[in-house]
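Numbering (the UniProt record's numbering), first residue to last: 1 to 375. Cβ coordinates follow ideal geometry from the N, Cα and C atoms, glycine included. Please read the structure below before turning to the comments.
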């Protein structure tokens, strides 16, 4: 452990969770509160009321005492909002991904996974005991070749919007590849819900897959909805299968009622104000244009996330620290979250960011950028 700690410190890989006060004079572009709903009065009031009525915790697993009326309301409205037959709520997006993969794949399955998939998807692949083949990022031809070797036994696994650089997957082509080989498509829509599709209904709406019998998606309640938890969305019989067999549903304590109520309230706010969805995309595009204009090599956002290559981990750490010193908090991604030598800063657009502050953020990033980044 000591040797690993010394190596991490020398390479700029030591992580120290920043302790955030309730109020601070910092513009936060590192978190995932895309739509500005985490502190929306309707959301916080709903969470507080639920805690007083139902208690601080769910009190047990979902199949014992952990399912409240709030959980079923949230599941029903999530499914309606996203246009799927059914939904199942979990304590986090991580456990939702583990459930989807371990319950839908097994020893006789082939999982074909994008090389940029999130750690929760990677862990789910490992726990599934399926054969796993990793293909190059967004390479549907490679995925098709792998699926063709095991017709009717494959599942193609991808994020809709990738969490580091914010690029989007070619989901229509992915579904075509799946159907040509009798495979299912599994989509992590954590960064798509609230941002993609009409009114923010997510990737399945954006790519017209809401009622597809061979597509299953996961979402988080902790990003665009500003609360906590996760869910699996898809055909009713798939969701019932998860309810009976997914270990992270059967054996995990249910999502706290306050989080369920907060997510439900946020969903209703979004439903009544779809402009938030288009606004966050406008902000993301505005940030991209302003950064590129100043010579900062940002990736073009497919939704709300922008990545900025920074090279070595120590360079990214220093750059992020200097941005924070100037009042802008950005994400700092280092190995093992990204490959060695490809550290980057990550910005997440916010629907409540005024136009003037877009220019301010870009100016701070450009003024603090290391010479090797600007070239």
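In DSSP terms, what residue i is bridged to
i	result
residue 87	233
residue 333	344
residue 217	187, 233
residue 133	112
residue 159	188
residue 328	27
residue 61	253
residue 154	110
Whole-angstrom C-beta distance between residue j and residue i, which should lie under 8 Å
i	j	result
residue 379	residue 57	Residue 379 is absent from the model: the chain starts at 1 and stops at 375.
residue 371	residue 315	About 10 Å separates the two Cβ atoms, so there is no contact after all.
residue 276	residue 35	5 Å
residue 265	residue 43	5 Å
residue 172	residue 207	6 Å
residue 159	residue 169	6 Å
Reduced DSSP secondary structure (H/G/I, E/B, other) of residue i
i	result
residue 290	helix
residue 348	strand
residue 165	coil
residue 28	strand
residue 310	strand
residue 49	helix
residue 19	coil
residue 200	helix
residue 93	helix
residue 124	helix
residue 305	strand
residue 253	strand
residue 272	helix
residue 1	coil
residue 355	helix
residue 195	coil
residue 76	helix
residue 226	coil
residue 100	helix
residue 367	helix
Chain-order list of residues whose beta-carbon lies under 6 Å from that of residue i (same chain, five-residue window excluded)
i	result
residue 110	131, 150, 153, 154
residue 330	29, 30, 320, 323, 345, 347
residue 210	83, 84, 204
residue 146	112, 133
residue 200	194, 270, 277
residue 236	85, 86
residue 374	295
Residues near residue i in its chain [Cβ-Cβ closer than 8 Å; skip 5 each side]
i	result
residue 267	74, 77, 78, 81, 225
residue 107	129, 130
residue 47	227, 258, 259, 261, 262, 265
residue 127	98, 101, 102
Cβ-heavy atom distance, residue i to the ligand MN, below 7 Å
i	result
residue 228	In the structure on display, the ligand MN does not appear, and there are no ligands present to speak of.
Beta-carbon proximity of residue i to residue j, cut-off 8 Å
i	j	result
residue 229	residue 91	yes
residue 323	residue 359	no
residue 88	residue 120	no
residue 14	residue 8	yes
residue 144	residue 181	yes
residue 246	residue 105	no
residue 11	residue 313	yes
residue 378	residue 215	A query on residue 378 cannot be resolved here, the shown segment of the chain reaching from 1 to 375 and no further.
residue 86	residue 202	no
residue 287	residue 306	yes
residue 283	residue 349	yes
residue 112	residue 185	no
residue 204	residue 217	yes
residue 364	residue 326	yes
residue 294	residue 183	no
residue 396	residue 188	The chain is shown from 1 up to 375; residue 396 falls before or after that span and cannot be answered.
residue 192	residue 161	yes
residue 93	residue 222	yes
residue 338	residue 164	yes
residue 285	residue 274	no
residue 166	residue 299	yes
residue 254	residue 71	yes
residue 177	residue 140	yes
Chain-order list of residues whose beta-carbon lies under 7 Å from that of residue i (same chain, five-residue window excluded)
i	result
residue 136	115, 142
residue 248	90, 95, 98, 99
residue 63	250
residue 290	358, 359, 362
residue 351	34, 35, 36, 276, 279, 280, 283
residue 65	59
Neighbour flag for residue i against chain D, beta carbons, 8 Å
i	result
residue 177	Of the chains in the structure shown, none is chain D; there is only one protein chain.
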